[in-house]
Amino acid sequence: MTAASREIVASERVHEQYVLDVQITRYVPDGETEPRYRFDAPEHTDIAFDDPEMATLYADIYFAVNGFVEAGTGDRGVPPEVMQAGKDTLAAYLVTQTSINWVASFYGAEPTRIERYISWVREKAEEIRTQVEKSN
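Numbered per this note's numbering, the sequence shown spans residues 4 to 139.
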């Protein structure tokens with residue numbers, strides 16, 4: 004189900020609302036007590052995170068690469084749009100799947116470098132969202 008076709012139910016609330024019908028929804032899964040944070044976007048498969056920071060980072064990656072398709076990624080690896088976007092975007096995407104320390108080890112870098120890459124992706128995403136808002 005996509006954000007465009009999903010209605011928020013009583014146990015859910017919008018954690019972060021973005022342009023282009025993209026949002027992070029906070030919800031508590033049935034039988035659990037801890038909230039999860041679901042990334043919702045048109046034509047995008049459901050993906051949820053335990054940490055709201057990772058959910059918003061995922062949204063930033065989505066905007067920084069002008070959207071991507073996550074469906075089938077388990078079969079094919081990292082989405083091509085993310086791979087083609089550069090080292091900073093790939094590092095940020097890998098952080099949403101693993102951890103900063105894992106990605107730092109993978110890159111042979113200090114975690115502070117990975118944090119810097121993440122900040123670049125967040126800045127790029129914010130610039131894109133601002134441009135979209137101005138054009139609407």
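Glycine included, C-beta positions come from ideal geometry on N, C-alpha and C.
Computed from a predicted structure; not experimentally measured.
Does the distance from the C-beta atom of residue i to that of residue j stay below 8 Å?
i      : j      : result
Pro32  : Arg39  : yes
Thr92  : Ala74  : no
Val85  : Ile103 : no
Ala58  : Phe42  : yes
Ala51  : Ile131 : no
Ile121 : Val135 : no
Expressed to the nearest angstrom, what Euclidean distance is found between the alpha-carbon atoms of residue i and residue j?
i      : j      : result
Ala128 : Glu15  : 25 Å
Gln26  : Pro55  : 12 Å
Gln100 : Val81  : 10 Å
Tyr3   : Arg116 : What is shown of the chain runs 4 to 139, which leaves residue 3 out entirely.
Asn139 : Tyr21  : 13 Å
Glu118 : Thr36  : 30 Å
Pro83  : Gly34  : 36 Å
Lys137 : Ala88  : 24 Å
Thr133 : Asp53  : 27 Å
Considering Cα atoms alone, identify which of the options is closest to residue i.
i      : options                      : result
Asp24  : Thr101, Ile103, Ala62        : Ala62
Phe109 : Ala94, Arg119, Ala88, Ile121 : Ala94
Trp123 : Tyr96, Gly111, Trp105        : Tyr96
Ala112 : Arg125, Lys90, Glu19         : Lys90
Under the three-state reduction of DSSP, which class applies to residue i: helix, strand or coil?
i      : result
Val135 : helix
Glu37  : coil
Glu15  : strand
Enumerated in chain order, which unbroken segments of the alpha helix (DSSP H) with a length of 4 residues or greater are wholly contained in the region 44 to 128?
55 to 67, 76 to 79, 83 to 87, 90 to 100, 103 to 110
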